[in-house]
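Our numbering numbers the first residue of the sequence shown as 0 and each following residue consecutively.
Heads up, the beta-carbon is just placed ideally off N, CA and C, and yes, glycines get one too.
Computed from a predicted model, the values in this text were never measured in an experiment.
Since the structure comes first, as structure tokens, the remarks are kept for the end.
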Amino acid sequence: MNGWFHGWRAAVRIARRDAWRSKGRSFLVLAMIALPIIGVSAANVTLRTSELSVAEKADRTMGAADARLSDAGYGGVPIYQAPNGQDTMPVKSYEDQPYPEGDADTAKAVPAGARVLKDTSGTAKVRTEHGSLHVNVRELKATDPMAHGMVTLLDGRFPQKDDEVAVTGQFLKESGLSAGSRLTVRNMDRTYLITGAYELPGDLAANEVNALPGALLTPLDQALEAQGMSGTGQNTTYLVDVPGPGGFTWNMVEQANTKGVKVESRAALLNPPPRSEVKLYQHPDWVDYDSSGEANTAMLASLATIVGLAMLEICLLAGPAFAVGARRSRRQLGLVGANGGDRRHIRSIVLAGGLVIGAAAAVVGTVLGVALTVALRPLLEDWLGKRFGGIDLRPLELAGIALLAVLTGLLAAIVPAVTASRQTVLASLTGRRGVRRSNRILPVVGLVAVLLGAAIALYGSVVTDQFLLVAGGSALAELGVVALTPALVGLFGRVSRWLPLSPRLALRDAVRNRGRTAPAVAAVLAAVAGTVAVATYQVSSEAEHRAGYEARMPNGAVSALLTQGDGRDASALRDAVRRDLPVDLTADLGRLTVGRAGCEMYSEAKGCGYVEVVTPKVNECPLWVTDADGNSASDHMTPAERRKLGKDWRCTAQAGSIGESGLVVGDASLLKVLRIDDPKAEQALKEGKVVSFHRPMVDQKTGKLSVRLVPDRGEANEAAAAEKETPGKVVALPAYQAPDSVESYDVGGIVPAAAVRQAGMTMAPLGAYHSTDALPGSRQRQKLDQDLDRLGADVDLYVEEGFTGEKSIVLLALTVFAGLITIGAAGIATGLAQADAEADLKTLAAVGAPPRVRRSLSGFQCGVVALMGVVLGSLAGLLPGIGLRLTERRQSEKWYSEMLDQGGMADAPYTPVVIPWQTLAALLVLVPLGAALLAAVVTRSRGALARREAG
Numbered sequence: 000m001n002g003w004f005h006g007w008r009a010a011v012r013i014a015r016r017d018a019w020r021s022k023g024r025s026f027l028v029l030a031m032i033a034l035p036i037i038g039v040s041a042a043n044v045t046l047r048t049s050e051l052s053v054a055e056k057a058d059r060t061m062g063a064a065d066a067r068l069s070d071a072g073y074g075g076v077p078i079y080q081a082p083n084g085q086d087t088m089p090v091k092s093y094e095d096q097p098y099p100e101g102d103a104d105t106a107k108a109v110p111a112g113a114r115v116l117k118d119t120s121g122t123a124k125v126r127t128e129h130g131s132l133h134v135n136v137r138e139l140k141a142t143d144p145m146a147h148g149m150v151t152l153l154d155g156r157f158p159q160k161d162d163e164v165a166v167t168g169q170f171l172k173e174s175g176l177s178a179g180s181r182l183t184v185r186n187m188d189r190t191y192l193i194t195g196a197y198e199l200p201g202d203l204a205a206n207e208v209n210a211l212p213g214a215l216l217t218p219l220d221q222a223l224e225a226q227g228m229s230g231t232g233q234n235t236t237y238l239v240d241v242p243g244p245g246g247f248t249w250n251m252v253e254q255a256n257t258k259g260v261k262v263e264s265r266a267a268l269l270n271p272p273p274r275s276e277v278k279l280y281q282h283p284d285w286v287d288y289d290s291s292g293e294a295n296t297a298m299l300a301s302l303a304t305i306v307g308l309a310m311l312e313i314c315l316l317a318g319p320a321f322a323v324g325a326r327r328s329r330r331q332l333g334l335v336g337a338n339g340g341d342r343r344h345i346r347s348i349v350l351a352g353g354l355v356i357g358a359a360a361a362v363v364g365t366v367l368g369v370a371l372t373v374a375l376r377p378l379l380e381d382w383l384g385k386r387f388g389g390i391d392l393r394p395l396e397l398a399g400i401a402l403l404a405v406l407t408g409l410l411a412a413i414v415p416a417v418t419a420s421r422q423t424v425l426a427s428l429t430g431r432r433g434v435r436r437s438n439r440i441l442p443v444v445g446l447v448a449v450l451l452g453a454a455i456a457l458y459g460s461v462v463t464d465q466f467l468l469v470a471g472g473s474a475l476a477e478l479g480v481v482a483l484t485p486a487l488v489g490l491f492g493r494v495s496r497w498l499p500l501s502p503r504l505a506l507r508d509a510v511r512n513r514g515r516t517a518p519a520v521a522a523v524l525a526a527v528a529g530t531v532a533v534a535t536y537q538v539s540s541e542a543e544h545r546a547g548y549e550a551r552m553p554n555g556a557v558s559a560l561l562t563q564g565d566g567r568d569a570s571a572l573r574d575a576v577r578r579d580l581p582v583d584l585t586a587d588l589g590r591l592t593v594g595r596a597g598c599e600m601y602s603e604a605k606g607c608g609y610v611e612v613v614t615p616k617v618n619e620c621p622l623w624v625t626d627a628d629g630n631s632a633s634d635h636m637t638p639a640e641r642r643k644l645g646k647d648w649r650c651t652a653q654a655g656s657i658g659e660s661g662l663v664v665g666d667a668s669l670l671k672v673l674r675i676d677d678p679k680a681e682q683a684l685k686e687g688k689v690v691s692f693h694r695p696m697v698d699q700k701t702g703k704l705s706v707r708l709v710p711d712r713g714e715a716n717e718a719a720a721a722e723k724e725t726p727g728k729v730v731a732l733p734a735y736q737a738p739d740s741v742e743s744y745d746v747g748g749i750v751p752a753a754a755v756r757q758a759g760m761t762m763a764p765l766g767a768y769h770s771t772d773a774l775p776g777s778r779q780r781q782k783l784d785q786d787l788d789r790l791g792a793d794v795d796l797y798v799e800e801g802f803t804g805e806k807s808i809v810l811l812a813l814t815v816f817a818g819l820i821t822i823g824a825a826g827i828a829t830g831l832a833q834a835d836a837e838a839d840l841k842t843l844a845a846v847g848a849p850p851r852v853r854r855s856l857s858g859f860q861c862g863v864v865a866l867m868g869v870v871l872g873s874l875a876g877l878l879p880g881i882g883l884r885l886t887e888r889r890q891s892e893k894w895y896s897e898m899l900d901q902g903g904m905a906d907a908p909y910t911p912v913v914i915p916w917q918t919l920a921a922l923l924v925l926v927p928l929g930a931a932l933l934a935a936v937v938t939r940s941r942g943a944l945a946r947r948e949a950g
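In structure tokens, the structure reads:
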């Protein structure tokens with residue numbers, strides 16, 4: 000035991016001195032090991048920091064208070080709730096009856112002796128330098144100690160008087176105002192002094208105004224009520240500070256639940272009660288959607304995959320580094336053997352080198368990873384729009400990452416240690432490498448792994464719906480590609496004959512030294528494969544969401560409709576939109592009216608009616624037909640019959656949703672705004688015919704569309720309650736049915752004004768649709784909001800901006816990580832190649848090669864490694880991404896089939912597989928090119944000319 004200790008201590012001392020003596024080579028080896036550790040430790044600290052702890056979440060939602068009390072929304076009836084304060088349900092079952100109306104008296108649920116801070120929120124429109132802006136208003140005394148942590152002051156101070164407000168920094172950017180400006184609220188005569196700027200840690204992009212309780216929302220509501228307009232929609236919650244050390248206990252929460260009040264309690268969040276004591280979880284109607292064994296299994300599998308990839312990266316990067324180091328120290332190792340050392344001692348020295356540099360790399364990598372997180376934190380927070388929590392360093396996790404690096408470094412040094420110990424003393428002293436044949440078994444094993452892994456992934460995605468099979472098969476296939484890397488590098492070498500001098504030398508050197516090149520290429524392959532897999536999945540998911548997005552109008556079009564009044568402001572509304580926005584074409588819209596003049600839409604006043612479309616009996620969907628007892632006809636159908644009707648046009652056609660009936664009064668200009676190119680529809684409007692976009696509305700035999708003129712809404716409701724036919728005159732209008740392929744958005748049909756007059760019906764202005772030359776900007780909208788404020792009408796203004804994808808920190812982090820790994824691995828491999836081929840470079844200089852050859856050779860060596868790794872990684876990464884999407888497609892089709900069997904209605908699932916061309920372009924072009932240029936820039940053109948050693 001004592002001899003073993005002294006032998007290893009001597010080996011560690013020799014390794015430490017050798018590392019210090021060869022600083023350049025040691026730095027390269029250290030960088031090889033430290034690079035993945037930087038990425039893994041940075042990812043660990045970033046994820047832990049971005050994930051708020053329970054205490055941090057409580058600070059953002061309730062500040063320093065013990066609890067937040069709010070109305071559960073069930074009319075004050077007793078409720079059950081979960082410890083998180085979000086999941087609730089009434090104690091009594093209301094399956095066959097509506098929930099009670101009214102609000103719960105939240106103040107009555109406050110315990111005696113507790114200190115209370117009101118937090119009221121609402122909405123308002125305020126004037127800006129560019130027009131007006133819709134903002135959230137929060138009446139909260141932000142200087143109260145209980146509010147600490149909910150808002151962060153950036154500049155100035157919070158309001159102290161009723162005529163003062165503070166605003167978010169984002170509001171100042173968009174409004175053009177600044178601290179010291181006067182803020183004017185729409186529909187109010189008074190102004191407010193902006194005293195400071197603050198931010199919401201959970202929403203940095205929020206446009207919010209903070210005022211003292213009762214200083215803004217209440218007087219604004221009074222002013223709006225006096226003008227007959229809708230209020231601010233106030234919602235009040237109470238922050239509660241309970242005396243005593245126990246806080247707001249679970250018993251207090253249950254007591255508040257009896258009054259219909261839900262509670263977010265800090266004590267319940269930090270120390271939740273046992274599940275058996277939570278009455279909500281014992282309720283027979285409760286379904287816990289958050290508890291998923293499959294999700295937990297998938298999470299564990301993902302974590303194991305990440306750890307495995309990290310170990311693979313370290314092994315692939317460190318292995319060739321130790322091999323080159325051992326070959327550079329072969330004379331020293333030969334002297335050890337010449338002085339009586341045996342193979343065991345030589346192995347110990349090489350392994351000790353892995354231990355020394357591995358430990359140093361673990362420390363450096365962990366420290367730099369933490370520093371990288373701290374440096375990039377502000378950028379990540381701004382990009383995601385929310386602040387992270389405090390720097391969360393998990394010592395055990397970071398120590399595990401560091402220990403993993405040391406152990407993996409030792410494992411990576413095993414093969415070089417065994418190889419060095421097998422060399423004879425004479426070969427070590429003379430520096431002869433000998434002839435080594437390539438391994439013929441490894442490529443065969445790799446090919447088998449690729450085929451088997453691809454088959455498993457294909458089986459999991461096509462035959463079953465198991466994600467784990469796809470992930471496992473893809474991982475096996477990727478390992479097979481890694482095993483095939485030496486053989487694939489040899490295939491790349493065959494193209495060298497057609498390349499110029501420098502790239503030809505670089506590629507042949509890479510092929511000749513596969514023991515150094517292949518691991519670096521495989522390291523790049525592994526990193527790029529993960530990025531491409533995630534990119535394929537996320538880009539495909541975004542394409543699915545984009546296809547499922549239901550636009551209200553063509554992209555860039557503007558809808559400005561009056562929601563109240565008799566339409567007298569429609570002309571002024573149209574002119575305001577045309578004046579402030581880049582309008583290209585305008586289509587005026589009207590609505591069909593019934594009853595006395597001046598009735599608003601959906602009015603229940605006496606004498607105010609409405610128009611409804613009468614669907615012909617033959618066009619009614621059989622699935623929705625009911626018998627005399629109120630039973631649905633679908634209950635007596637077989638699954639095959641339901642499936643057939645689920646694709647019937649009578650059941651799948653979607654009616655228009657604009658106005659009360661889906662019909663609008665308009666002309667051919669509306670077709671142009673909606674981008675409908677149908678000459679027959681234009682001709683029909685000229686002839687006074689209705690253009691229908693909803694096939695069931697038109698009687699195919701008569702070619703007419705029937706509407707019922709209901710004279711009084713109240714009488715219609717009474718008839719419906721008595722299960723009688725809706726009273727009213729039915730008018731048949733000649734109609735043209737547009738093809739099913741036409742996209743009409745929310746418009747179910749267009750009724751020309753001539754048809755309205757000819758049928759003896761009445762109409763009123765509704766507003767207008769506008770097409771634009773360019774998407775309106777924020778300043779243009781603010782200017783329009785200001786003009787609409789002056790107009791004083793209630794307007795539903797909508798600008799169709801199209802689908803907007805969500806930003807993903809995962810894809811961004813993986814792309815950056817893959818780029819760093821690629822450049823780092825290729826650069827380090829190039830440095831090792833230069834150190835290993837210094838004699839060849841000296842020979843080139845001696846025979847008269849230009850100085851730029853050395854620089855260009857270095858750049859091409861780096862670019863070759865990066866390009867080979869990126870190409871192979873891109874191909875390997877497509878497999879899991881496509882496999883997961885095919886699995887989701889199978890699940891969606893299964894769900895859709897089951898829904899059709901039950902008589903449900905939905906569009907057929909669309910689960911596309913999209914190749915992430917932008918990510919591939921960045922990885923295949925920019926990363927190798929950047930790596931090559933960087934290597935060429937940092938390489939010296941001239942090296943020290945010296946005598947070449949023999950051997």
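On the premise that Gly472 lies in contact with Ala456, defined as a C-beta separation below 8 Å, what is that separation, rounded to the nearest angstrom?
-> Yes, Ala456 and Gly472 are in contact; Cβ-Cβ is about 3 Å, under 8 Å.
If you check the beta carbons only, do Gly747 and Gly655 fall under 8 Å apart?
-> yes
Mind checking Ile440: buried by the 16 CB within 10 Å criterion, or exposed?
-> exposed
Boundaries (first-last residue) of the alpha helix (DSSP H) holding Pro678 = Pro678 to Lys685
C-alpha gap between Gly606 and Arg712, whole angstroms | 8 Å
Outcome for Ser92 when other beta-carbon atoms lying within 10 angstroms are tallied against a minimum of 16 = exposed
Quick one: any contact between the stretch 855-873 and the stretch 523-531, if contact means 3 or more CB pairs under 8 Å?
-> yes
Classification of Ala360 by the beta-carbon crowding that lies within 10 angstroms, buried from 16 upward = buried
Confirm, please, whether the CB-CB distance from Lys124 to Arg189 is below 8 Å.
-> No; because the gap between Cβ atoms is not below 8 Å, this pair is not in contact.
Taking three-plus beta-carbon pairs below 8 Å as touching, is the stretch 595-604 in contact with the stretch 675-692?
-> no
Would DSSP call Gly195 helix, strand or coil?
-> strand
If Tyr601 and Val672 are in contact, beta carbons under 8 Å, what's the gap, nearest whole angstrom?
-> 25 Å between Cβ atoms; not a contact.
Can a CB atom of chain D be found closer than 8 Å to the CB of Pro764?
-> Absent from the structure is chain D; it holds one protein chain and no more.
Excluding the 5 residues preceding and the 5 following Val709 in the sequence, name in chain order all residues of the same chain whose CB lies nearer than 8 Å to its CB.
-> Val593, Gly608, Tyr609, Val610, Glu611, Ala715, Thr725, Pro726 and Gly727
Below 8 Å CB to CB, which residues in the same chain sit around Gly74 once its five sequence neighbours on both sides are set aside?
-> Tyr98, Pro99, Glu100, Gly101, Asp102, Ala103 and Gly259
Within the chosen definition, does the stretch 791-803 reach the stretch 550-558 through at least 3 CB pairs nearer than 8 Å?
-> yes
Under the rule that 16 or more other beta-carbon atoms within 10 Å means buried, what is Val558, buried or exposed?
-> It is Ser, not Val, that sits at residue 558 in the sequence shown. Ser558 should be labelled buried.
Can you have a look at Lys688 and say buried or exposed, based on whether 16 or more other CB atoms are within 10 angstroms of its CB?
-> buried
Under the assumption that Val794 contacts Leu588 (Cβ atoms under 8 Å), give the Cβ distance between them as a whole number of angstroms.
-> Incorrect: roughly 13 Å between the Cβ atoms, too far for contact.
Close Cβ partners of Gly661 (< 6 Å) along its chain, the five nearest in sequence each way excluded | Ala654, Gly655 and Gly747
Compare the beta carbon distance of Ala519 and Val936 with 8 Å and say whether it is the shorter of the two.
-> Not in contact: Ala519 and Val936 (Cβ atoms no closer than 8 Å).
Looking only at DSSP bridge pairs, what is Val690 linked to?
-> In the DSSP secondary-structure assignment, Val690 is bridged to Tyr735 and Ile749.
Where Tyr797 falls: helix, strand or coil (DSSP) = strand
Limits of the unbroken beta strand (DSSP E) element including Glu599 = Careful: Glu599 lies outside any beta strand (DSSP E) and carries neither H nor E.
Which residues in the same chain have their Cβ closer than 7 Å to the Cβ of Lys56, if we skip the five residues on either side of it in sequence?
-> none
Can you give the Cα-Cα distance for Val531 and Arg884, rounded to whole angstroms?
-> 13 Å
When you compare each of Asp739, Ala754, Ala178 and Ala534 to Glu163 by their alpha carbons, which one comes out closest?
-> Ala178
Residues that DSSP places opposite Tyr768 in a beta bridge = Ser558 and Ala586
So does the stretch 252-266 actually touch the stretch 135-143, counting three or more Cβ pairs closer than 8 Å?
-> no
Outcome for Asp118 when other beta-carbon atoms lying within 10 angstroms are tallied against a minimum of 16 = buried
Are the beta-carbon atoms of Val277 and Ala81 separated by less than 8 Å?
-> yes
Do the stretch 750-759 and the stretch 692-703 make contact, defined as three or more Cβ pairs closer than 8 Å?
-> no
On the three-state DSSP scale, how would you describe Met956?
-> The structure shown does not extend to residue 956, since the chain spans only 0 to 950, so no value can be given for it.
Please name the residue, chosen from Thr585, Pro485, Gly357 and Trp916, that lies closest to Phe26 on a Cα-to-Cα basis.
-> Gly357
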